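Engineer:
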Amino acid sequence: MKWLILALVCLQLSEGLVRVPLRKGKSMGQAMKEKGVLKDFLKHHKYDPGRKYHSNEFNVAYEPMTNYLNSFYFGEISIGTPPQTFLVVFDTGSSNLWVPSTYCHDKACTNHAKFNPNASSTYSSIDESYTLCYGVGDLYVALGYDTVTIQNITVRKQEFGLSMDEPTDPFYYSNYDGVLGMAYPGIAIPGFNTLMQNMVQQGQLSEPIFSFYFSRKPTYQYGAEVILGGIDSQLFTGEITWAPVIEEVYWKIALDEFSIGKKSTSWCSQGCHAIVDTGTFLLTIPYQYLWDFLNAVGAQESYGDYVVDCSSIQNMPTLTFVINGVKFPLPPSIYDNGYCSVAVESTYVASESGHPLWILGDVFLRQYYSVFDMANNRVGFALSN
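Mapping of the sequence shown onto mature numbering (1 follows the signal peptide of the UniProt record, and there is no 0): residues -16 to -1, 1 to 369, in sequence order.
1) Run through DSSP, which three-state label would Asp24 get?
2) What's the gap between the Cα of Tyr332 and the Cα of Ile269?
3) Can you have a look at Val260 and say buried or exposed, based on whether 16 or more other CB atoms are within 10 angstroms of its CB?
4) For Lys311, list the residues DSSP reports as bridge partners.
5) Which residues bound the alpha helix (DSSP H) around Val229?
6) Out of Asn361, Val125, Asp161, point me to the one whose CA is closest to Gly145's CA.
7) If contacts are defined as beta-carbon pairs under 8 Å, then Asp161 and Val83 qualify, I think. What distance do you get, rounded to the angstrom?
8) Using DSSP's beta-bridge definition, name the partner residues of Asn51.
9) How would you write the range of the beta strand (DSSP E) that Ala258 sits in, first residue to last?
10) Is there contact here, the segment 302 to 320 with the segment 218 to 234, by at least three beta-carbon pairs under 8 Å?
11) Under 8 Å: do the segment 206 to 220 and the segment 51 to 63 share three or more Cβ pairs, one atom per stretch?
12) In the DSSP output, what is Asp130 paired with across the bridge?
13) Using the DSSP secondary-structure output, state which residues sit across from Glu329 in a beta bridge.
14) Does the Cβ-Cβ distance between Ser243 and Thr178 come in under 8 Å?
15) Give the secondary structure of residue 383 by DSSP, where H, G and I count as helix, E and B as strand, and everything else as coil.
16) Quick one: grab the DSSP three-state call for Val291.
17) To the nearest angstrom, how far is the alpha carbon of Gly165 from that of Ala103?
18) Beta carbon of Asp347, beta carbon of Leu267: below 8 Å?
19) Is the segment 235 to 242 close to the segment 286 to 305, with three or more CB pairs under 8 Å?
20) Any contact of the segment 356 to 365 with the segment 178 to 194, i.e. 3+ C-beta pairs under 8 Å?
21) In this structure, how does DSSP classify Tyr168 when only helix, strand and coil are distinguished?
22) Determine, using beta carbons only, whether Ile63 and Asp130 come nearer to each other than 8 Å.
23) Leaving out five residues before and five after Leu219 in sequence, what residues of the same chain have Cβ atoms less than 7 Å from its Cβ?
24) May I ask you to report which of helix, strand or coil DSSP gives Leu212?
25) Let me make sure I understand the geometry here. Which of Tyr290, Asn299, Leu344 has the alpha-carbon closest to that of His257?
26) Tell me which same chain residues have a C-beta within less than 7 Å of the C-beta of Ser79, skipping the five on either side of it?
27) From Thr115 to Glu150, what distance separates their C-alpha atoms?
28) Given this structure, state the Cα-to-Cα distance separating Ile86 from Leu189, to the nearest angstrom.
29) What's the C-alpha gap between Cys251 and Ser330?
30) Round the Cβ separation of Pro67 and Thr133 to the nearest angstrom and send it over; I've been treating them as touching at under 8 Å.
31) With DSSP collapsed to three states, give me the class of Asp90.
32) Which term fits Pro174, buried or exposed, when burial requires 16 or more other beta carbons within 10 angstroms of its beta carbon?
33) Using beta-carbon positions only, say whether Ser317 and Tyr290 come within less than 8 Å of one another.
Printed below as a string of structure tokens:
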């Protein structure tokens, strides 16, 4: 199943509320403790002021994330006073924060933690509701303000969505509760600050920057993290290559070239664009080039997947993206999803500029540490350790 959380530009003002009882879920810490890995994880991943962070340690939050089947990475936040805990996808492909709530009685909400506004002394209602559109379907939310906490970062009076109506597929089957959008305000609900904007304006970050590390080890369930306010130089090798954001809506950058094996495709001869999206686990390919790509790597469509001969995986070609003059190769071990198929699909959002549009999802980001610089509107990449 291909779950994609890239936000589509579809924000609709609505009205009306329905209330149902609260049901809490397990926190990430509880789940790790039950699996017997919490003590070892904290031993090796605790916050350490002596580590070589890019910025001052005072306002840097080090947030571990769960790697669920190499498809989604999610971490823990809390909302309200006293705090109510949720697992969320830290998503650079959308801009809104939402969690399930006691307003929701859909099947998708029954097996997740739900925010109870009546249980928080710092909650205030906005008396508005919206429909949020994602690649996986539409979501209907009420709006409210409350305190949001991520590790040592506390954001006051943050606008967020309380879900009232969630599509069963995929949210009923998801191991996370909600989504924390980290893209630009252009795809956020208008009239409110995003969480990232408030972190900066309230002085919660040493620098207006955040970075992601996704481990390439598929068996290491907790080998991922998002660092808010800094860069951890222990998690990558070499220098960071920077690419300017070309459209301040998504984290969209330019691609100079794309090669399959040793051969340039010339698909980007007139320029290509790519959205860097931690909420899409696949690599998506411009629709006009998908079949050429599948032929080049020896894949065929089968029930919605693109399968290859299991014995030939090691002979599939390396894929190479050229970003700001620097080559970023993906060996077949990275874009093979482990089931004798390639982890790709056609790009499902339109390219308003007309340039071929890619989405660099987690398949790419497991290979390269990524840095999102809000002050300078640029994205950086370096080879992950």
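Glycine included, C-beta positions come from ideal geometry on N, C-alpha and C. Note that the coordinates shown come from a computational prediction; the quantities given were computed from them, not determined experimentally.
Structural biologist: Inspection of the coordinates gives the following:
1) Caution applies to Asp24, whose pLDDT of 47 falls short of 50 and renders its modelled position unreliable; the model cannot decide the point.
2) 9 Å
3) buried
4) Val306
5) Where Val229 is concerned, there is no enclosing alpha helix (DSSP H), given that its DSSP letter is neither H nor E.
6) Val125
7) 6 Å
8) Tyr57
9) 256 to 260
10) yes
11) yes
12) Gln142
13) Thr268
14) no
15) Past the boundaries of the shown model lies residue 383; the chain is included only from -16 to 369, so the question cannot be answered.
16) strand
17) 24 Å
18) Looking at the sequence shown, residue 347 is not Asp but Val. Going by C-beta atoms, Val347 is nearer than 8 Å to Leu267.
19) yes
20) yes
21) coil
22) yes
23) Tyr197, Tyr353, Ser368, Asn369
24) strand
25) Leu344
26) Ala(-10), Gly165, Ala167, Tyr168, Pro169, Ile171, Ala172, Thr178
27) 10 Å
28) What sits at residue 86 in the sequence shown is Thr, not Ile. Answer to the nearest angstrom: the Cα atoms are 31 Å apart.
29) First, the residue type needs correcting, since residue 251 is Trp and not Cys in the sequence shown. Using only the alpha carbons, I get a separation of about 15 Å.
30) 6 Å
31) coil
32) exposed
33) no
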